[in-house]
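Data block below; observations after.
There are 2 protein chains.
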Amino acid sequence: MDVDLRKLRYFVAVAEELHFGRAADRLHIAQPVLSRQIRALENELRAQLFVRTKRATELTPAGRQLLDDARPLLAAADATRRRVAQAARGAKTFTIGFMPGLTVTSVVRRFAAANPELEVEVVRTTWDDQVEVLHDGRVDVSIVRLPIDQAGLVLRPLFEEPRVAMVPADHRLAGKPSIDITDLADEHLLQDPDAVPEWRDIALELRSGHPRAVPVLHSVEEKLEHVAAGNGISIVPQSVADFYHRPDVSTLPVNDLAPNKVALAWIATRRSRLIHSFADLATAADWAPRPGRRA
Amino acid sequence: MDVDLRKLRYFVAVAEELHFGRAADRLHIAQPVLSRQIRALENELRAQLFVRTKRATELTPAGRQLLDDARPLLAAADATRRRVAQAARGAKTFTIGFMPGLTVTSVVRRFAAANPELEVEVVRTTWDDQVEVLHDGRVDVSIVRLPIDQAGLVLRPLFEEPRVAMVPADHRLAGKPSIDITDLADEHLLQDPDAVPEWRDIALELRSGHPRAVPVLHSVEEKLEHVAAGNGISIVPQSVADFYHRPDVSTLPVNDLAPNKVALAWIATRRSRLIHSFADLATAADWAPRPGRRA
DNA sequence: CGTCCATAATACCTTCAGGGTATTACAGCC
DNA sequence: GGCTGTAATACCCTGAAGGTATTATGGACG
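Residue numbers (the working numbering), protein chains in the order written: chain Z, 327 to 621; chain S, 327 to 621.
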């Protein structure tokens, strides 16, 4: 009658690997078991999920539909476990995620004061997991930097802030009062080009057909390390530049760069007095960037 | 590792019945099995879900949290099954729910014309299931009458329409050009008083402390049957009155009655080109009530 | 106060799903 | 034609989920 979440997890692994053997390794089970479980799932759902040719494994339309649905479903199940565990621990906690550079202390302090029975936690997120932490229940609300995948979320805009370029201190542009985005056309950007469409559209290295590889960087610190080492430049929100200041990296205001939008996000299916009261506090708060250390 | 949806369903049954025996009956399993499964669930989650005194069964805080999460989770699982089954059937269908009185044909026709590869279905909903059909995947979008439980949904307002009173044709007020809500203070209303707060706040029968029972009515037709039989009166949106017209029931415009709001709703976690294109069509459509047959 | 009743838990059995290993079937490649 | 990579098949074993019979226990009641 009910789908089995274990089988769903198996299915997602196979759908992502498109290879039974590798998926089985990832799941730490034997390959024949996985084959059998997927077969069973297909029977239960009365739907073929994969086309297995001897040489390749592909998703059917039904499989694609299931993959779309299975991921949020599994995330919701994880979130449920987390929330129950927390409720059982007795101590009611409320966890707030936030992206680097954002200063949440004042809002958090006011929220904690208004809810003294609550244990209020904060979690620093990254680009990769700022949405994930919401879906899997690690945080109750998260202060995110747009753009994000908004599916299943409620967003409340908080403020906008300019974005600036971070270059090595000995860079030819370092020290200029401001630059145009076109000045960066022949630079190497240490992040996903889509995050800065203004640069992507003019970048020489992308037009040359030989884009340089972008290392996978999960934190601002790592990114700055690469900038300082002269491996490239980076575009970050003003507050990030202010917060993660280091002498061997210079900050440059850039004209014609759309500001970064910051919003509060939470799961649309959840309805909680606490979430709404936090949202109201956050909306009312003064998010003006603190005076930068650069000044 | 993963929670078992079967156990979750069992849990919900027990949480709703607060009685292992009755819950077991409802689930068509033996009571000891149910006791054991709930125990197992409690162990897996490392959380006590019920306090079992010899005489009563109560939810713990963790149990309440789980109940809140389990219901949408199970609904999402159902919806997944439905959508996969549909995708497997090959014929891509798009299903639109709508409440009584609403005329969706023109929008549906235009949507079907714009998506000829699609099989477009319509489903009439009721007050009870207009939200449920969205959560369990029976429809892709639904045209709902507010107020509804908006958790997990995206709403797009479409239009508003006045509400009118339906009374027996031989009622003392029948035939009046219009009445005030106060004229109905000593009438019996055949619906949930909270649906018409203007009446609830003045109703004599509610102030007397001896409210008459409201029969459980699932369709407009049943409601009108009761009205015609003289068992009470009913407040409905104008378009419902126009559509379900019968000679032994009269329609009365009522002053000081907030209009009924109609909106398009869909599941917040879903992101589909089709849903958005339907939403745009629906927003652009002319929803002005058709000329009533009463005229 | 003893008996009965209602209710959940315990004991014990049976079946079958899910895990494992060994092996086979089959397509492509050298 | 043998070799390799890949999924499926065959077969076994364990444990979870279902069932029935019974027990423990607190409340109701004569």
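Idealized CB from N, CA, C, for every residue including glycine.
Beta strand (DSSP E) containing residue i: first to last residue?
| i | result |
| --- | --- |
| S/Arg378 | 376-378 |
| S/Gly423 | 419-424 |
| Z/Trp592 | 586-593 |
| Z/Arg390 | Taken as a continuous stretch (DSSP letters only), Z/Arg390 belongs to no beta strand (DSSP E), being part of the alpha helix (DSSP H) at 387-414. |
| Z/Pro523 | Here Z/Pro523 belongs to no beta strand (DSSP E); instead the alpha helix (DSSP H) covers 523-526. |
| Z/Val580 | 575-581 |
| Z/Glu443 | Neither: Z/Glu443 is in no beta strand (DSSP E) and is coded neither H nor E. |
| S/Pro563 | 560-563 |
Could you name the residues of chain Z that residue i contacts, counting a contact when the two beta carbons are closer than 8 Å?
| i | result |
| --- | --- |
| S/Leu466 | Reading off the sequence shown, one finds Asp at residue 466 of chain S, where the question assumed Leu. In chain order: nothing, as chain Z lies at least about 12 Å away. |
Can you find a C-beta in chain S that's less than 9 Å from the C-beta of residue i?
| i | result |
| --- | --- |
| Z/Leu331 | yes |
| Z/His406 | As written in the sequence, residue 406 of chain Z is Thr, which differs from the His given in the question. Closer than 9 Å: yes. |
| Z/Leu392 | yes |
| Z/Ala403 | yes |
| Z/Asp395 | yes |
| Z/Val459 | no |
| Z/Val446 | no |
| Z/Val449 | no |
| Z/Val410 | yes |
How is residue i classed by DSSP in three states: helix, strand or coil?
| i | result |
| --- | --- |
| Z/Asn369 | helix |
| S/Ala491 | strand |
| Z/Ser518 | The residue asked about is misnamed: residue 518 of chain Z is Asp in this sequence, not Ser. Reduced to three states, the DSSP call for Z/Asp518 is coil. |
| S/Glu384 | strand |
| Z/Leu481 | strand |
| Z/Ser468 | strand |
| S/Val457 | coil |
| Z/Ser361 | helix |
| Z/Ile505 | strand |
| Z/Glu513 | coil |
| S/Ser432 | helix |
| S/Arg572 | coil |
| Z/Lys545 | A small correction: the amino acid at residue 545 of chain Z is Ser; Lys does not occupy that position in the sequence shown. Reduced to three states, the DSSP call for Z/Ser545 is coil. |
| S/Val553 | helix |
| S/Gly618 | Caution applies to S/Gly618, whose pLDDT of 46 falls short of 50 and renders its modelled position unreliable; the value that the coordinates give is listed next. Coil at S/Gly618, not helix or strand. |
How would you list, in chain order, the residues of chain S whose beta-carbon sits under 7 Å from the beta-carbon of residue i?
| i | result |
| --- | --- |
| Z/Pro398 | Thr595 |
| Z/Asp520 | Under the 7 Å cutoff, chain S gives no residues; its nearest Cβ is about 18 Å from Z/Asp520. |
What are the start and end residues of the alpha helix (DSSP H) that includes residue i?
| i | result |
| --- | --- |
| S/Arg352 | 346-353 |
| S/Phe601 | The question names Phe, but residue 601 of chain S in the sequence shown is Ile. Unbroken alpha helix (DSSP H) run through S/Ile601: 599-610. |
| S/Arg533 | 530-533 |
| S/Arg335 | 331-343 |
If we cut at 9 Å on Cβ distances, does residue i have a partner in chain Z?
| i | result |
| --- | --- |
| S/Arg599 | no |
| S/Val338 | no |
| S/Val433 | no |
| S/Gly416 | yes |
| S/Arg619 | Low per-residue confidence applies at S/Arg619: pLDDT is 45, beneath 50, and the placement is therefore not dependable enough to give any value. |
Who are the neighbours of residue i on chain Z, taking C-beta pairs under 9 Å?
| i | result |
| --- | --- |
| S/Asp328 | Asp330, Leu331, Arg332, Leu334, Arg335, Leu400, Ala403, Asp404, Arg407 |
Which bits of chain S does residue i rub up against, with CB to CB less than 9 Å?
| i | result |
| --- | --- |
| Z/Ala413 | Ala373, Thr386, Pro387, Ala388, Gly389, Arg390, Gln391, Leu392 |
request  = May I ask you to list, following chain order, the residues of the segment 374-386 of chain S that have a beta carbon less than 9 Å from some beta carbon of chain Z?
outcome  = Per Cβ criterion, the list reads Gln374, Leu375, Thr386.
Taking a cut of 7 Å between CB atoms, which residues from the segment 351-372 of chain S lie near chain Z?
-> Taking a C-beta cut-off of 7 Å against chain Z, the contacting residues of the segment 351-372 of chain S are Leu371, Arg372, listed in chain order.
Beta carbons nearer than 7 Å to chain S: which residues of the segment 475-495 of chain Z have them? If the cut-off is 7 Å between Cβ atoms, the segment 475-495 of chain Z has Ala477, Gly478 near chain S.
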